[in-house]
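Before any comments, here is the structure.
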Amino acid sequence: MNTERRRPTNIGGQAVMEGVMMRNDFRYATAVRTGENKIEMDKREYTSLTQRNFLAGLPIVRGGIVFIESLVMGVKILGYSADFFETQEQEPSKFDKWLEEKLGDNFAKVAVAISVVVSLALSIGLFFLLPALISQYLSPLFSESSRVMNLIDGIIRIIILLLYMFGISFIKDIHRVFQYHGAEHKTINCYESGADVTVENVMKASRFHKRCGTNFVFIVVAVSIIVLVLINVDTLWLRIGVRLLTLPLIAGISYEILKLFGKFDNGMINILSFPGMMLQRITTKEPDETQVEVAITSFLAVLKTDEWEVSEERKEGGKELAKEVKKEVEQEEKDESEKAS
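According to the numbering used here, the sequence shown is numbered sequentially starting from 114.
Right, dumping it as structure tokens:
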């Protein structure tokens, strides 16, 4: 299928357990195929802080904010999809019961916060702190120059990233998530190519996309190498401190580069995005038709809002725009409810 972007969209998404989440600036929908072979969907209105606050929406600044928001949303929708596959025999742990008893209605929010903090800590530890420790251990074999050590650190980071992605791809459940990831990309590519979003057309589309989170991860690694090589710090703990302090800057720069990848389609962009696109050979797999059906269901749920939002006049509405979108979504759901009854 022709992958030329005849019909650009800002819709993005995320694969979850047996499902796909699609989102635009004002709404997201998560579709999941349950054990009973039914597609269940959760639709919610959502406006990023970068859309509601001028300072938060500034270039570079917005990257870190969007990353945290995506992480929080990702934890929530993963929990939503996992709920469909919990067996009745599974009992909450004593710790879970204790937390729920102490926190009451705030239990879910605290659970999400803990999950986000743990995810961030593991990511930072695995991809930033561990490479720093390994490179420090190997320093006698190479050079005492901090810039050389930072470069070696970056190479180790890339190796760890590749080994991690390649390793988890062999886990059965993760493999299926990667198939849904492919279905997500295929659906968006099908729409952007100008074709009708049908199962047949989506199956023909590419499973690779420049705006993918996999590209973002690789850009973060590449940008971190460049930024950290420029900073001359000798001691290990200072190097670790610099890595933590520069993370928001690195995430911000990486986000702006990713936006450029999605906005332009030329030879230079294709060259720069090539490594991330190759990584998608690991993080996306060819889906079957049932998985594509789920991705299409989620995509169509946010498509109307996305097309409506393209109007430049209505884009200028800021907060008022978000309110109007919410009213339209509520009216749409009301109409659907009346038809069903």
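Even for Gly, the Cβ is constructed at its ideal location relative to N, Cα and C.
Every value quoted in this text rests on a predicted model; they were computed, and no experiment measured them.
Setting aside the 5 residues that flank it on each side, valine 315 is surrounded in the same chain by Lys299, Thr300, Cys303, Val405, each with a C-beta closer than 6 Å to its C-beta; the list follows chain order. In summary, arginine 356 is buried, with 16 or more beta-carbon neighbours lying within 10 Å of its beta-carbon over all protein chains present. In its chain, beyond the 5 residues on either side, Arg324, Asn328, Phe329, Ile332 have a beta carbon closer than 7 Å to the beta carbon of leucine 371. The C-alpha of valine 174 is placed about 24 Å away from the C-alpha of leucine 351. Note on methionine 135: 16 or more other CB atoms within 10 angstroms of its CB, so buried under the neighbour-count rule.
Apart from sequence neighbours up to five positions away, the residues of its chain that approach aspartate 401 with a beta-carbon distance below 8 Å are Gln292, ordered along the chain. Looking at the DSSP output, glutamine 127 shares a beta bridge with Met134. Under DSSP, the beta-bridge partners assigned to valine 145 are Gly132, Glu153. For asparagine 314, the enclosing alpha helix (DSSP H) covers residues 312 to 317. Leaving aside the five residues that flank phenylalanine 180 on each side, the residues in its chain whose CB is nearer than 6 Å to its CB run, in chain order, Ala364. When Thr160, Ile152, Leu246, Ser282 are compared, the shortest CA-CA separation from leucine 392 is found for Ser282.
Rounded to whole angstroms, the Cβ separation of isoleucine 124 and phenylalanine 412 is 7 Å, and the two are in contact under 8 Å. With 16 or more other CB atoms across the displayed protein chains lying within 10 angstroms of its CB, proline 244 is buried. For leucine 242, the closest alpha carbon among the candidates Leu358, Gly295, Met278 is that of Leu358. Sequence-distant partners of valine 312 (beyond 5 residues in either direction) whose C-beta falls short of 8 Å from its own C-beta, in its chain, are Glu402, Val405, Glu406, Ile409. Minimum Cα-Cα distance from valine 340 among the listed residues Val261, Leu168, Glu131, Asn166 corresponds to Val261.
Secondary structure of arginine 260 (DSSP, three-state): helix.
The beta carbon of valine 229 sits closer than 7 Å to the beta carbons of Leu184, Val185, Val188 from its chain, once the five residues preceding and following it are set aside; these are given in chain order.
Contact check for alanine 296 against serine 306 fails: the beta carbons are separated by 9 Å or more.
Under the three-state reduction of DSSP, arginine 324 is assigned to coil, being neither helix nor strand.
Counting every other CB atom within 10 Å of its CB across the protein chains shown gives leucine 191 a total of 16 or more, marking it as buried. Bounds of the alpha helix (DSSP H) holding alanine 195 are 174 to 196.
Apart from sequence neighbours up to five positions away, the residues of its chain that approach valine 290 with a beta-carbon distance below 6 Å are Ala128, ordered along the chain. Note on glutamate 149: under 16 other CB atoms within 10 angstroms of its CB, so exposed under the neighbour-count rule. About 10 Å separates the CB atoms of serine 252 and aspartate 266; that is not less than 8 Å, and the two are not in contact. For aspartate 286, the enclosing alpha helix (DSSP H) starts and ends at 285 to 305. If one requires a minimum length of 4 residues, the alpha helix (DSSP H) runs lying completely within the segment 352 to 432 are 380 to 396, 402 to 422, 425 to 428, in chain order. A straight line joining the alpha-carbon of serine 259 with that of methionine 130 spans about 43 Å. Buried is the label assigned to leucine 360, since at least 16 other Cβ atoms lie within 10 Å of its Cβ.
DSSP, read as helix, strand or coil, puts arginine 120 in coil.
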